[in-house]
Amino acid sequence: MRKGEKGILFTILIFVIAFTLINSYRKGQDASPDKGIPFYSTAPEALQEEGGELVRQLKCRDCHTLWGVRNAMQSVPSPALDGIGSLRDETWLFDYLSAEDPKQILPSRLKAEYQMPSFAYLPVEERRLLAKFLASLKVKDWYLEEVKKVQYEKLTGKDYQGGLENE
Ligand code: HEC
Numbered sequence: 040m041r042k043g044e045k046g047i048l049f050t051i052l053i054f055v056i057a058f059t060l061i062n063s064y065r066k067g068q069d070a071s072p073d074k075g076i077p078f079y080s081t082a083p084e085a086l087q088e089e090g091g092e093l094v095r096q097l098k099c100r101d102c103h104t105l106w107g108v109r110n111a112m113q114s115v116p117s118p119a120l121d122g123i124g125s126l127r128d129e130t131w132l133f134d135y136l137s138a139e140d141p142k143q144i145l146p147s148r149l150k151a152e153y154q155m156p157s158f159a160y161l162p163v164e165e166r167r168l169l170a171k172f173l174a175s176l177k178v179k180d181w182y183l184e185e186v187k188k189v190q191y192e193k194l195t196g197k198d199y200q201g202g203l204e205n206e
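Residues in the sequence shown are numbered from 40 upward in steps of one, following the numbering used here.
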């Protein structure tokens, strides 16, 4: 097994353990039914496969979590892609991936080597496919506020005050 693969397996393991613990804690807290995993994709299977393949080839997981998984050897504090389609629409995502300088669209607080790279060099069909795939990654309403909070904190390094940053 290669180093990277071990890292991925390790991350999955941690995720599963954390989820089990959180769930059993929640069940202990109240008698409400188990809500399950909040993330889902609205994409047809073919798009999910092609999108997932591009994410793998382009190593997006070196910096981003997707389906709770990322490269454990990397520690860039970037926002997760899980639920991103509930925060950004397909047009925004396409423009962002197509930008020569993504910082112009979304400012970065990180060192240059950790910042979102430009994917403007990709063929336009691949950028479209990626944008469509990302836009399909939704989060259920009951978990949306949590996703917004984590995204805000990752992007700004500040505490989230509950939606006030949009006003
Ligand atoms: C070198 C690390 C790195 C890689 C590789 C990377 N990203 Fe990013 N990405 C970031 C960072 C960091 C941000 C937050 C903005 C910033 O600081 O540049 C970001 C932001 C984003 C956002 C916007 C998130 C939001 O909250 O609105 C999307 C979407 C995104 N990346 C998708 C991708 C995809 C898809 C890939 C692979 C094709 C990818 N990224 C590869 C580091 C990376």
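Here a beta-carbon is modelled for each residue, glycine too, at the ideal position from N, C-alpha and C.
- For residue 49, the three-state secondary structure derived from DSSP is helix.
- Excluding residues up to 5 positions away in sequence, 178, 179 and 182 lie with their Cβ nearer than 6 Å to the Cβ of residue 77 in the same chain.
- The C-alpha of residue 171 is placed about 14 Å away from the C-alpha of residue 121.
- Nearest neighbour of residue 196 by Cα position, chosen from 166, 124, 168 and 148, turns out to be 148.
- Counting other Cβ atoms within 10 Å of its Cβ, residue 150 stays below 16 and is therefore classed as exposed.
- Distances between the C-beta of residue 118 and the heavy atoms of the ligand HEC include at least one below 7 Å.
- In the DSSP assignment, residue 80 falls within the unbroken beta strand (DSSP E) covering 78-80.
- The three-state secondary structure of residue 115, taken from DSSP, is coil.
- Within the chosen limit of 7 Å, the ligand HEC reaches the beta carbon of residue 169 through at least one heavy atom.
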